[in-house]
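Novice:
Numbering (my numbering), first residue to last: 49 to 423.
1. Applying the 10 Å Cβ sphere with the 16-neighbour rule, what's the burial state of residue 282?
2. What is the residue span of the alpha helix (DSSP H) that residue 242 lies within?
3. Is residue 287 buried or exposed, if buried means 16 or more other CB atoms sit within 10 Å of its CB?
4. Which of the three DSSP states, helix, strand or coil, is assigned to residue 499?
5. So residue 298 and residue 314 are supposed to be a Cβ contact under 8 Å. How far apart are they, rounded?
6. Kindly indicate which residue of 419, 95, 72 has the alpha-carbon position closest to the one of residue 280.
7. Distance, Cα to Cα, residue 122 vs residue 351?
8. How many Å lie between residue 366 and residue 117 at the Cα?
9. Taking the C-alpha atoms as reference points, what is the distance between residue 405 and residue 174?
10. State the beta-bridge partners of residue 48 as determined by DSSP.
11. Can you tell me where the alpha helix (DSSP H) with residue 336 in it begins and where it stops?
12. Nearest to residue 128 by alpha carbon, out of 197, 151, 168?
13. Within the continuous beta strand (DSSP E) that includes residue 376, where are the two ends?
14. Compare the C-alpha of residue 98 against each of 353, 363, 390, 327 and name the closest.
15. On a CA-only basis, which of 360, 170, 218, 387 is nearest residue 373? Give me that one, please.
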């Protein structure tokens, strides 16, 4: 009888889950390489994913960087009737923003643009919206409207409407960003969308999870809990580490063949779906790439031989007493120009390279992140 009750409880929760399909589009790197513009963009817009996690002196600025390899996005609707946009679901920020029809930048021409006049439920906000970049910026206004995600409707959600954008945003596969970090990260001055979902009673549990596939299709964002069909074994739960803003955890060490190669004595890392690679301190990343026999490229890339990829060792992340092993198939990235490792200098961030290997759950109610072996 007890097992039947547990099963019914599980079914009740799982039926309340919302599954948002995520597509894996062509990255900005791929699109720019096809047009022969990647080297030019790389020089103009250096890769600095750590920017959005640095302390902020001005609370009106949302730092961002040009990440040429982010590829995953899902579709949401804004307004009544809904206008649909491709958004990056970003656990490294807390704000929602999309381009406005008033955007005058060429970057907006390749993306969907929100027309507030066409929505009967739109309300104008009073605060401006501003995003800073290493080169250039995006700016606009704010407003409130109904947000449609799958079959769920979030009411009176604050979001940003960009009216000018840096040129590199014209090459990313998504129109805007939907932040999934904590309320204290929001610089629009409102409640982040996931917190509103929970506050409005739209989801069964105060958590969400992500499965990132290596294929074009098959990836999914799950709101309200976890789905065992996307992972094997148990979810290993890790408490957040001194985190009030980010999904921040502590890594005890990173090893190769039993040798500590990085994070000796421990290091803090942010789990971020909005960063494509695994980044860390220059010394540690250079050491990891050295163990892999990688040769440094002009823009921080670390090239390895595609033919010798299967001979490379696994890289083991030791976190909270658990060992998470990344095989070469997970951390070597293939492109038209050859193979490179998924490790780059910066502060410690576990991005897409890590999350493709491990199904990741974000438990807001208990301040934990969970990893399980992805199927």
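Note that the Cβ used here is the ideal one computed from N, Cα and C, for glycine as well.
Specialist: Straight from the coordinates:
1. By the neighbour-count rule (16 or more Cβ atoms within 10 Å), residue 282 is not buried but exposed.
2. For residue 242, the enclosing alpha helix (DSSP H) starts and ends at 241-247.
3. By the neighbour-count criterion, in which a residue is buried when 16 or more other Cβ atoms sit within 10 angstroms of its Cβ, residue 287 is exposed.
4. For residue 499 there is no data in the structure shown, the boundaries of the chain being 49 and 423.
5. Taking C-beta atoms under 8 Å as the contact rule, residue 298 and residue 314 qualify, at a distance of about 6 Å.
6. It is 419 whose Cα lies nearest to the Cα of residue 280.
7. Straight-line Cα distance between these residues: approximately 31 Å.
8. Take the alpha-carbon of residue 366 and the one of residue 117: they are about 26 Å apart.
9. If I take the Cα positions, the gap works out to 42 Å.
10. Residue 48 falls outside the range modelled here, since the chain spans only 49 to 423, and no answer is possible.
11. Residues 330-339.
12. Comparing alpha carbon positions, the residue from 197, 151, 168 closest to residue 128 is 168.
13. If you look at residue 376, you'll find it isn't in any beta strand (DSSP E); it sits in the alpha helix (DSSP H) that goes 376-379.
14. Check the Cα spacing between residue 98 and each of 353, 363, 390, 327: the tightest is with 327.
15. The candidate whose alpha carbon is nearest that of residue 373 is 360.
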